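Protein chains in written order, with the working numbering: chain A, 198 to 626; chain B, 6 to 96.
The C-beta atom is built at its ideal place from N, Cα and C for all residues, glycine as well.
Since the model is a prediction, treat every value here as computed from it, not as a measurement.
Shown next, in structure tokens, is the structure this report addresses.
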Amino acid sequence: MPEDAFDAIVVGGGPAGATLGWFLADRGHRVLLLERDIHPRDHVGESLTPSTNVVFDRMGFLPKMEDAGFVHKPGACWTSPRAPIGRHLSLRLAEFPPPDAVQPYTYNVERDTLDALLLRHAHEKGVTVLQGVTVREVLFEGGRAVGVRARVLDGWERVLRARVIVDASGRRCLLANQLRLKRKDPWFNQFSIYSWFRDVEPNPPGFDGFLFLHFLGLERAWAWQIPLRQRTWSVGVVTERSDFTSSGRTREEFFSELVSRNGNLAHRMRKARRVRPWRVEGDYSYSAERATGPGWVLLGDALRFVDPIFSSGVDVAVYSAALAADSVHEVLAGGDEDAAFGRYERSVGDGIQLWYELTDLFYRLQNLFTRFAVSRRYREDVIRILQGNLYVPVMQERARRMLAVMRQAYEAASLDPENLLRPGALVGG
Amino acid sequence: VRADGVRAGDGLVPRIEAFLREEVLLDPHAELTPETPLARGLIDSMGLLVLIAFVEEEFDIELDPADITLANFATIADIARLVETRGGRDA
């Protein structure tokens, strides 16, 4: 096969790359996908949004999710640090079913399994998938991306060419680093310590599959507790990196100390056994200055990463992929690249920006989300936003309205020292 | 105060107290009178927000973020007064 026999080269075989590859192959394009690792491989980000189902449904992928037996996630619960054992708040995603909802739940997933299944799904659609191939750099001619230099595990290198180069390299940010477009967000310096556990006390009756989010009584920290298959739980804490580095503690000690700050979490973890090594994730917020350029497109984490509090990671990955596929298809069909890429840049850029602004407000004042989630007037807005897909105008308007109301509340709380929404206003949080 | 000498807001107190005991108090057996200061460790901020949502729904009023102050939520009696001031249903 000649080197330029591909219409598109996709760097990275996570959910973003596999989804984009699938949609392009579905439209008859020749796609080469290069994956550095050999799947299955570990990855953080085990909780999905309902909107992800909509994309998976279009790809005919949901039956494979069901066959894999991923835990159904009907919603989320959250607890406060000092609440009596068993007390939690909850929201069910199907209280307000999304317009294209195919089922009243989404999934908790082991990402090694999900990502491998999705990559195989793309392969079965006709994407040429090569694993164990590291892309060293994207090659440019006259300012336009025209190919990649790829290296196989044993060191054998080769130049591969295509009309469009898609960077789905995840947090490696291949192209954003190469073009010096990556900007770290100074405001977020979160990081997380997590692992998998067994012998965790199960969710209360009626809440099977719910993700639990536990507040820890610290302004910028929280914990997740996600039920996976085989009675295994993903449990992780997110906090300021400096709190960990200055604590002088081991990962185990630091994790245990944070877990002990929430009575419900500590109770449910009292007999837990860790069944895999600790994992640590940092680098919690960054973005590339641009999502596209001549002959190139960035997807998912390779474009922007936002703190995972709202489970937005895979949502961003598959929607940026589906939307980029529309634009790349248009370009490959002879359409105007600036116009096609401009549309992608706007819809995805605005959508991720909204995830970011919601996350930002959450970290400024955790109480805000509870305030509006339990309010009859705003509950629907909160739930619909958490369902994901902030890339379409109707959802973006909803999210902007909610953000405006939340900002007003934040201002009111900031201005009045007597306001009880303020952190620490009540003794004991 | 009505003609029979009963204060209009008195009926609110037991309803607020019952909800507090069931859903909000950190210690459901804690001593609680209409004048007990809530902010001194009896409730946490998540409980306060649940209480606010209850008050809005139960008495059909809407509270602004600026209403969520210590003066309005210091005790059950203060909450009852707030509901009355806002012309809450059944108040």
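Assign residue i to one of three DSSP states: helix, strand, or coil.
i                     : result
residue 304 (chain A) : strand
residue 320 (chain A) : helix
residue 433 (chain A) : strand
residue 464 (chain A) : helix
residue 400 (chain A) : coil
residue 11 (chain B)  : Interpretation of residue 11 (chain B) is limited by its pLDDT of 46, a score under 50 that renders its predicted location unreliable; no figure is taken from the coordinates.
residue 517 (chain A) : helix
residue 230 (chain A) : strand
residue 202 (chain A) : coil
residue 84 (chain B)  : helix
residue 411 (chain A) : strand
residue 424 (chain A) : strand
residue 211 (chain A) : coil
residue 616 (chain A) : strand
residue 342 (chain A) : strand
residue 347 (chain A) : strand
residue 568 (chain A) : helix
residue 90 (chain B)  : helix
residue 60 (chain B)  : helix
residue 534 (chain A) : helix
So, is the C-beta of residue i closer than 8 Å to a C-beta in chain B?
i                     : result
residue 366 (chain A) : no
residue 289 (chain A) : no
residue 469 (chain A) : no
residue 615 (chain A) : yes
residue 610 (chain A) : yes
residue 387 (chain A) : no
residue 593 (chain A) : no
residue 286 (chain A) : yes
residue 564 (chain A) : yes
residue 401 (chain A) : no
residue 572 (chain A) : yes
Going by C-alpha distance, which of the options is nearest residue i?
i                     : options                    : result
residue 219 (chain A) : A:321, A:413, A:336        : A:321
residue 501 (chain A) : A:365, A:601, A:290        : A:365
residue 212 (chain A) : A:223, A:227, A:232, A:226 : A:232
residue 580 (chain A) : A:564, A:599, A:406        : A:599
residue 264 (chain A) : A:426, A:390, A:333        : A:426
residue 389 (chain A) : A:453, A:351, A:236, A:380 : A:453
residue 370 (chain A) : A:473, A:487, A:205        : A:487
residue 377 (chain A) : A:484, A:240, A:525        : A:484
residue 520 (chain A) : A:402, A:363, A:565        : A:363
residue 589 (chain A) : A:551, A:343, A:359        : A:551
residue 248 (chain A) : A:359, A:582, A:319, A:619 : A:582
residue 536 (chain A) : A:480, A:618, A:492        : A:492
residue 506 (chain A) : A:513, A:250, A:421        : A:421
residue 28 (chain B)  : B:38, B:71, B:51           : B:51
residue 416 (chain A) : A:562, A:259, A:229, A:238 : A:562
residue 325 (chain A) : A:478, A:413, A:205, A:577 : A:205
residue 374 (chain A) : A:439, A:619, A:419, A:332 : A:332
residue 612 (chain A) : B:16, B:89, B:70           : B:70
residue 297 (chain A) : A:585, A:617, A:225, A:210 : A:585
residue 576 (chain A) : A:222, A:286, A:237, A:258 : A:286
residue 478 (chain A) : A:616, A:438, A:236, A:524 : A:438
Shorter than 8 Å from the beta carbon of residue i to some beta carbon of chain A?
i                     : result
residue 25 (chain B)  : no
residue 74 (chain B)  : yes
residue 110 (chain B) : Not covered by the structure: residue 110 (chain B). The range shown for chain B is 6 to 96.
residue 55 (chain B)  : yes
residue 37 (chain B)  : no
residue 87 (chain B)  : no
residue 49 (chain B)  : yes
residue 31 (chain B)  : yes
residue 71 (chain B)  : yes
residue 44 (chain B)  : yes
residue 11 (chain B)  : Reliability of the predicted coordinates at residue 11 (chain B) is poor, the pLDDT of 46 falling under 50, and no value is obtained from them.
residue 82 (chain B)  : no
Closer than 7 Å to a non-hydrogen atom of the ligand HEM - does that hold for the CB of residue i?
i                     : result
residue 585 (chain A) : This structure simply doesn't include the ligand HEM, nor any ligand for that matter.
Residues of chain D with CB closer than 7 Å to the CB of residue i, please, in chain order.
i                     : result
residue 606 (chain A) : In the displayed structure, chain D is absent; the protein chains listed are A and B.
Continuous beta strand (DSSP E) assignments of at least 3 residues falling wholly in the region 475-509 of chain A: For the region 475-509 of chain A, whole beta strand (DSSP E) runs of length 3 or above, ordered along the chain, are 476-478, 483-485, 493-495.
Does the contact criterion of 3 or more C-beta pairs under 8 Å hold for the region 261-275 of chain A versus the region 303-316 of chain A? Yes, the region 261-275 of chain A touches the region 303-316 of chain A.
Taking 8 Å as the cut-off, does the region 32-51 of chain B touch the region 601-608 of chain A (at least 3 CB pairs, one atom from each stretch)? Contact between the region 601-608 of chain A and the region 32-51 of chain B is absent: fewer than 3 CB-CB pairs across the two stretches fall below 8 Å.
Pairing CB atoms from the region 71-91 of chain B with CB atoms from the region 308-315 of chain A, are three or more of them under 8 Å? By the Cβ rule, the region 71-91 of chain B does not count as touching the region 308-315 of chain A, because fewer than three pairs are nearer than 8 Å.
Below 8 Å, how does it come out for the region 501-516 of chain A and the region 532-543 of chain A: are there three or more Cβ pairs, yes or no? Two segments are said to touch when three or more pairs of C-beta atoms, one from each, lie closer than 8 Å; by this definition the region 501-516 of chain A does not touch the region 532-543 of chain A.
Is the region 385-405 of chain A in contact with the region 427-435 of chain A, if contact means three or more CB pairs nearer than 8 Å? Three or more beta-carbon pairs drawn from the region 385-405 of chain A and the region 427-435 of chain A are found closer than 8 Å, and the two stretches are therefore classed as touching.
Pairing CB atoms from the region 563-574 of chain A with CB atoms from the region 46-60 of chain B, are three or more of them under 8 Å? Counting Cβ pairs under 8 Å, three or more are found: they touch.
Fully enclosed by the region 360-391 of chain A, which alpha helix (DSSP H) runs are 4 residues long or longer? The qualifying runs are 371-375.
Inspect the CB distances between the region 338-353 of chain A and the region 398-406 of chain A and report whether three or more fall short of 8 Å. Under the 8 Å Cβ criterion, the region 338-353 of chain A does not count as touching the region 398-406 of chain A, having fewer than three qualifying pairs.
Across the region 586-601 of chain A and the region 527-537 of chain A, are there enough close Cβ pairs to call them in contact, namely three or more that are closer than 8 Å? A contact between stretches requires three or more CB pairs, one per stretch, nearer than 8 Å, and the region 586-601 of chain A fails this requirement with the region 527-537 of chain A.
Which full runs of the alpha helix (DSSP H) of 4+ residues lie inside the region 241-307 of chain A, going along the chain? Uninterrupted alpha helix (DSSP H) stretches at least 4 residues long and entirely within the region 241-307 of chain A occur at 247-255, 259-265, given in chain order.
Between the region 272-288 of chain A and the region 455-464 of chain A, can you find at least three pairs of beta-carbon atoms closer than 8 Å? Yes: the two stretches touch, three or more of their Cβ pairs being nearer than 8 Å.
Counting only runs of 4+ residues fully inside the region 576-616 of chain A, write out the alpha helix (DSSP H) ranges in chain order. Secondary structure in the region 576-616 of chain A: the alpha helix (DSSP H) runs of 4 residues or longer, each lying completely within the stretch, are 576-583, 590-612 in chain order.
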